[in-house]
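Below is one structure, written out as structure tokens; the observations come after it.
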Amino acid sequence: MATIELKAYTASVRTDMPELVGALRDVLGAQLVAYIAGVKETRAVRQWAEDDGRRPQPKQEQRLRLAYRVAALLLDQDAPRVVQAWFQGMNPQLDDVAPARFIRETDGDDAKVLAAAQSFAANG
0 MATIELKAYT ASVRTDMPEL VGALRDVLGA QLVAYIAGVK ETRAVRQWAE DDGRRPQPKQ
60 EQRLRLAYRV AALLLDQDAP RVVQAWFQGM NPQLDDVAPA RFIRETDGDD AKVLAAAQSF
120 AANG
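Pasting the structure below:
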């Protein structure tokens, strides 16, 4: 598990934003990525995924990198539909808050959502 976690972390840091957003969009869908980033329209997600110089704000980028890290960790064992369901479903380790909402609303509490993802991956 530690190797998977390290790979997920490394990928979340090294991946360029357009590629990262595109990969997240492929797994989670544009609406969920927009929700996590805190934007109202999926157009922003599309623009970030295109390499035209537009980038998310720093807080949005932090959320997206965390979501990418979590998705990479979960994708090691689960299909994209399971990962998408995990992001959307109520999670008992996050006080019954969906991980997508938790990431969006609790900037800076990365450890809690990572622990929930690691637990799911270990027990999945």
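Residues in the sequence shown are numbered consecutively from 0, following numbering that gives the first Met the number 0.
Note that CB positions come from ideal geometry on N, CA and C, so glycine has one too.
Predicted model, so just to flag it, every value in this text is computed and none were measured.
{"Asked": "Pairwise C-alpha distance: L23 and A66", "Found": "8 Å"}
{"Asked": "Through-space distance from M16 to R68, alpha-carbon basis", "Found": "13 Å"}
{"Asked": "Bridge partner(s) assigned by DSSP for N90", "Found": "V96"}
{"Asked": "Own chain, CB closer than 8 Å to L74, minus 5 neighbours either side, in chain order", "Found": "V26, V82"}
{"Asked": "Cα-Cα separation, R62 to A33", "Found": "11 Å"}
{"Asked": "Residues near Q46 by beta carbon distance below 7 Å, same chain, minus five either side", "Found": "R53"}
{"Asked": "Beta carbon of L72 nearer than 8 Å to that of Q117", "Found": "yes"}
{"Asked": "Contact check, Q59 vs G37, beta carbons under 8 Å", "Found": "yes"}
{"Asked": "Residue nearest to A110 in terms of C-alpha spacing, selected from N122, K39, L93", "Found": "L93"}
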